[in-house]
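Per this note's numbering, the sequence shown starts with residue 180, numbered consecutively.
Everything on this sheet refers to the single structure shown next.
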Amino acid sequence: MLTDSHAHLDDARFAADREALIQRAWDSGVDRILTIGNGTGPDDMGCGIPFAEAYPWIFTSVGVHPHDASKVEERHFEMMESLARHPRVLAIGETGLDYHYDNSPRDVQQEVFRRQLAIASKVRLPVIIHTREADADTERILRDAGPLKGVLHCFTSSRELANAALDLGFLISFSGIVTFPNARDLAETAKAIPVDRLLVETDCPYLAPVPHRGKRNEPAFVLETAKFLAAARGTTLERLAAETSENFTRLFSAPETA
Ligand SMILES: [Zn+2]
Ligand SMILES: [Zn+2]
180 MLTDSHAHLD DARFAADREA LIQRAWDSGV DRILTIGNGT GPDDMGCGIP FAEAYPWIFT
240 SVGVHPHDAS KVEERHFEMM ESLARHPRVL AIGETGLDYH YDNSPRDVQQ EVFRRQLAIA
300 SKVRLPVIIH TREADADTER ILRDAGPLKG VLHCFTSSRE LANAALDLGF LISFSGIVTF
360 PNARDLAETA KAIPVDRLLV ETDCPYLAPV PHRGKRNEPA FVLETAKFLA AARGTTLERL
420 AAETSENFTR LFSAPETA
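Here is the structure:
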């Protein structure tokens, strides 16, 4: 049993063989996937719901990616709050700040991030946070938002931000990036995360782990990231899989499906 806590199953790169790769995930021991509800932009935030309705072991979220923050209109927040009440929607996100690409102006990213945190707190769902080169603002906005549960996904930031997130009660999720030979510092951070705060993910179709690096990523490959983290942390794959699955169940109040 293994949980892919972050996938983009709606991505166009999966159009030709989506059902086959979902089956491949199951066959390789992935018994839960959280597919992210960002889609191609705010109008598409419900994109994960059809998967979550079709497969009892797939769940979804609703949110606006920081790249798309400038496309948000007031009606999208209403849509988010309404879709968040769907029983298969377990989280708000991914939302956050991306100062690497700066696809939307930073002040707009911050406002749209804050609004989504407010919705999460109103509907009592955890948040899935995307943060890139925005450590200080991410920490400040999370602290200002008050008590929330959530995860910093595809973590690549500093040890300081990891510690701040842990202090706020958040979990930290690692993608295939942690397996890259040039990501030694990140692997050191991953070793130091408390066992009850760790998640694994693919963020597919992006960021395939070694030995699939450079290829299209898919949920079955979460196994490679889990193997890497188990070895780095001096534990077994079975234990790491069980612990990260338990953490997923607890954070997202997710049903067990195995
Ligand atoms: Zn992300
Ligand atoms: Zn993502």
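Even for Gly, the Cβ is constructed at its ideal location relative to N, Cα and C.
All of these numbers come straight from a predicted model, not from anything done at the bench.
Distances from the CA of CYS333 to each of ILE307, GLU339, ASP323 and ALA248 were compared; the closest alpha carbon is that of ILE307.
With 6 Å as the limit, the residues whose C-beta approaches a heavy atom of ligand 1 more closely than that are GLU273, HIS309, HIS332 and CYS333, in chain order.
Here the distance from the Cβ of HIS279 to the nearest heavy atom of ligand 2 is not below 7 Å. For the options GLU318, ALA405 and PHE238, the alpha carbon positioned closest to that of ASP346 is the one of GLU318. Using a C-beta cut-off of 8 Å, the stretch 198-213 makes contact with the stretch 394-412, since at least three inter-stretch Cβ pairs fall below that distance. In the displayed model, GLU425 falls within a helix according to three-state DSSP. Bounds of the beta strand (DSSP E) holding LEU331 are 329-331. DSSP places ASP281 in the coil class of the three-state scheme, outside both helix and strand. With the rule of 3 Cβ pairs closer than 8 Å, the stretch 276-292 does not count as touching the stretch 230-242. For HIS187, the shortest C-beta to heavy atom distance toward ligand 2 is below 7 Å. A distance below 8 Å separates the beta carbons of THR239 and ARG267.
In this structure, GLU380 lies away from HIS391, with their beta-carbon atoms at least 8 Å apart. DSSP places ALA405 in the uninterrupted alpha helix (DSSP H) bounded by 401-412. For GLY355, the secondary structure class from DSSP, reduced to helix, strand or coil, is helix.
Going by beta carbons, ASP210 and MET259 fall outside the 8 Å limit. Here the C-alpha atom of ASP183 lies approximately 6 Å from the C-alpha atom of LEU213. At least one heavy atom of ligand 2 lies less than 7 Å from the C-beta of ILE215. Short of 8 Å from the beta carbon of ASP247, and not among the five residues preceding or following it, lie these beta carbons of its own chain, in chain order: ASN217, GLY220, PRO221, ASN282 and SER283. At least one heavy atom of ligand 2 sits closer than 7 Å to the Cβ of ASP382.
The C-beta separation of THR428 from GLU435 comes to about 6 Å, placing the pair in contact by the 8 Å criterion.
Taking every protein chain shown into account, the CB of HIS187 has 16 or more other CB atoms within 10 angstroms, so this residue is buried. Taking a 10 Å sphere around the C-beta of ARG376, we find 16 or more other C-beta atoms and assign the residue as buried.
As the crow flies, the alpha-carbon of SER337 is around 8 Å from that of ASP314.
GLY272 has ILE307 as its beta-bridge partners, per DSSP. A Cβ-Cβ contact shorter than 8 Å links ALA411 with ALA366.
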